[in-house]
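> FYI, in the numbering used here the residues of the sequence shown are 49 to 449.
Cβ coordinates follow ideal geometry from the N, Cα and C atoms, glycine included.
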Amino acid sequence: MTTNEYIEQAEQYILHTYNRFQIVLENGDGVHLYDADQKEYLDFAAGIAVFALGYNHPGYNNALKNQIDKIIHTSNLYYNIPSIEAAKKLVEASGMDKAFFTNSGTEAIEGAIKVARKYAFTRDGHTDHEMIAMNHSFHGRSLGALSITGNPHYQEAFQPLIGGVKFADFNDLESVKAQITDKTCAIIFEPVQGEGGIYPATQEFMTGIRQICDEKDILLIFDEIQCGMGRTGELFSWMHYGVKPDVMTCAKALGCGVPVGAFVLNEKTAKASLVAGDHGTTYGGNPFACAAVSKVFDIYKEEKIVEHVQEIAPYLERRLDELVSKYSFIKCRRGKGLMQGLEIEGDGVTVGQIVNTAIENGLLIISAGSNVLRFVPPLVITKGDIDEMMTKLERSLKKYE
Ligand SMILES: *Cc1c(COP(=O)(O)O)cnc(C)c1O
């Protein structure tokens, strides 16, 4: 079939909840993807910050193939070996205490919300607790996650959402303090906001929130779904700040393409929240998904992925900064490690136009918020890949000069 025929069938059979770019991706190799006409694209989107190790990683692919031949699914009524190994690696690498595997990021968030409510219920014996989330946050599309996503546009048609949610301004300690009451049971945010436009937390905000949470026995929940797993140059981005959460959510690069997420608890929270019967999932933590997680942690170690991000990210920053000084419609660069954004502000050009032109030029980049070009490449990119990205991006930017 031709690309157009594929797209026609897609629109016939798949519910149209995405305005997709008009290409059909068929296979990948390293940091490159190929469409149904075998046109090559340099991938600086990584399936939205998922495919950290690049495509066709032999060790990763073989681990999955081997697991398929052993067992794919067991349910959580029994123990399975990959989930034990994966949990041990995740817990040890994060310095947390207990993990629960989910099928997606949004489900990890749902779990974290339940943890927070149960923790407060166990302590207080009542259920009218509140959570504080941030404006411009993104935590997922299920109703609980949507309720703490600070974007009215996503929420509007789906009211009523879950109650007891208050919003504050990210990086504004006073605005968080203003929302705290005796009922506050948790504060949740992304240490580097992703969908909201690539905004890293300030040290002051991180330290200040931790202090407030300690004083008032409020759980601090970090959503590391996008900024975690080495993307910012530490395995989890809170590690930059030396500020540890009580609960952390993880997904995206955790399985590097196999749908899996997790929420991870410290001991204090694990001891006083969910117990047998409180939460469950049929698929979550299944041997196939966990074989992926387990192998991802092995490869991170063997290939020193986090160290590589630390080494390569300054080069990406420098090259992106060149664009800020060169193009008047690029206002600034923000980000941490290999999670970078360029803010676009100009009459003649939108982020969407640049993204589309880049795709024509063989470069996959995506947007964040309404006016930010987002760079979340596979973590294995080289200087050569960054140079290739710059060539293709500049070809696209010139059009709008
Ligand atoms: C992607 C994302 C989610 C939702 O994860 P899904 O796997 O799409 O459900 C939640 N939080 C953050 C920060 C994300 O980037």
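So does the stretch 180-187 actually touch the stretch 359-378, counting three or more Cβ pairs closer than 8 Å?
No: the two stretches stay apart, fewer than three of their Cβ pairs being nearer than 8 Å.
> Report yes or no: do three or more beta-carbon pairs, one from the stretch 135-150 and one from the stretch 306-317, lie closer than 8 Å?
Touching, yes.
> Quick check on Y418: buried or exposed, where buried means 16 or more other Cβ atoms within 10 Å of its Cβ?
Contrary to the premise, residue 418 reads as Ser rather than Tyr in this sequence. Classification for S418: exposed.
> Cα-Cα, which of K137, A164, I347 and I116 is closest to P335?
When only C-alpha atoms are compared, the closest one is I116.
> Could you tell me which uninterrupted alpha helix (DSSP H) segments, each at least 4 residues in length, are contained entirely in the stretch 284-358, listed from first to last along the chain?
Entirely contained in the stretch 284-358, the alpha helix (DSSP H) runs reaching 4 residues are, in chain order, 315-319 and 335-350.
> Measuring only the C-alpha atoms, how far is F69 from N404?
Using only the alpha carbons, I get a separation of about 8 Å.
> May I have the straight-line CA-CA distance separating G76 from T150, to the nearest angstrom?
If I take the Cα positions, the gap works out to 26 Å.
> Count the other CB atoms within 10 Å of the CB of C380; is the residue buried (16 or more) or exposed (fewer)?
Counting Cβ neighbours within 10 Å, C380 comes out exposed, since fewer than 16 surround it.
> Which value, in whole angstroms, describes the spacing of the CA atoms of K136 and C298?
The alpha-carbon atoms of K136 and C298 are separated by roughly 15 Å.
> For S123, tell me which candidate among I157, I353, D220 and G328 has the shortest Cα-Cα distance.
Ranking I157, I353, D220 and G328 by Cα distance to S123 puts G328 first.
> Quick one: complete beta strand (DSSP E) runs, 3+ long, within the stretch 201-289?
Whole beta strand (DSSP E) segments, 3+ residues: 213-216, 232-237 and 267-271.
> Can the beta-carbon of L322 be found closer than 7 Å to that of V295?
In this structure, V295 does not lie closer than 7 Å to L322 by Cβ.
> Given a cut-off of 7 Å, decide if A93 and G245 are closer than it, judged by their beta-carbon atoms.
No; because the gap between Cβ atoms is not below 7 Å, this pair is not in contact.
> Tell me whether I228 counts as near ligand 1, meaning its Cβ is closer than 6 Å to at least one heavy atom of that ligand.
Flag unset: Cβ of I228 not near ligand 1.
> Say the cut is 6 Å; is the CB of D294 nearer than that to a heavy atom of ligand 1?
For ligand 1, not one heavy atom lies less than 6 Å from the Cβ of D294.
> For L125, count neighbouring Cβ atoms within 10 angstroms of its own Cβ and tell me buried if that reaches 16, exposed if not.
So L125 ends up on the exposed side.
> Taking buried to mean at least 16 other C-beta atoms within 10 Å of its own C-beta, is A58 buried or exposed?
By the neighbour-count rule (16 or more Cβ atoms within 10 Å), A58 is not buried but exposed.
> Does the distance between the C-beta of D91 and the nearest non-hydrogen atom of ligand 1 fall short of 6 Å?
D91: no, Cβ never under 6 Å from ligand 1.
> Between the stretch 336-343 and the stretch 264-284, do three or more beta carbon pairs fall short of 8 Å?
Too few Cβ pairs lie closer than 8 Å, so no.
> Is M387 closer than 7 Å to T280 when the C-beta atoms are compared?
Their beta carbons are under 7 Å apart, which means T280 touches M387 by this criterion.
> Kindly examine ligand 1 and report whether one of its heavy atoms sits closer than 6 Å to the Cβ of D265.
Incorrect: D265 has no Cβ contact closer than 6 Å to ligand 1.
> Let's see if you can read the secondary structure: which residues bound the alpha helix (DSSP H) around I55?
Start and end: T51 to Y61.
> From P239 to M49, what distance separates their C-alpha atoms?
Each residue's Cα considered, the two are about 44 Å apart.
> Look up A97 in the DSSP assignment and give the residues it is bridged to.
Answer is none; A97 lacks a bridge partner.
> Going by C-alpha distance, which of S190, W286, N52 and P425 is nearest I210?
Among S190, W286, N52 and P425, the Cα nearest to that of I210 is on S190.
> Please classify F253 as buried or exposed, where buried requires at least 16 other C-beta atoms within 10 Å of its C-beta.
Result: buried.
> Please report the distance separating the alpha-carbon of P293 from that of A234.
The straight-line gap from Cα to Cα measures roughly 11 Å.
> Would you check whether ligand 1 has a heavy atom nearer than 6 Å to the C-beta of G153?
Indeed, a heavy atom of ligand 1 lies less than 6 Å from the Cβ.
> Does the Cβ of E391 lie closer than 6 Å to at least one heavy atom of ligand 1?
No - ligand 1 has no heavy atom lying nearer than 6 Å to the Cβ of E391.
> What's the gap between the Cα of G305 and the Cα of I413?
Cα to Cα, G305 sits roughly 18 Å from I413.
> Determine the direct distance from the alpha carbon of D91 to that of F284, and round the result to whole angstroms.
Cα-Cα distance, rounded: 23 Å.
> Rounded to the nearest angstrom, how far is the Cβ of Y375 from that of K431, given a contact under 8 Å?
Incorrect: roughly 22 Å between the Cβ atoms, too far for contact.
> Helix or strand or just coil, what does DSSP make of L138?
DSSP places L138 in helix when its eight states are reduced to three.
> At which residues does the alpha helix (DSSP H) containing G444 begin and terminate?
In the sequence as presented, Gly is not what sits at residue 444; that position holds Ser. Where S444 is concerned, the enclosing alpha helix (DSSP H) stretches over K431 to K446.
> Identify whether I392 lies in helix, strand or coil by the three-state DSSP scheme.
Residue state, collapsed to three classes: strand.
> Any idea what DSSP makes of Y363, helix, strand or coil?
Y363: helix per DSSP, three-state reduction.
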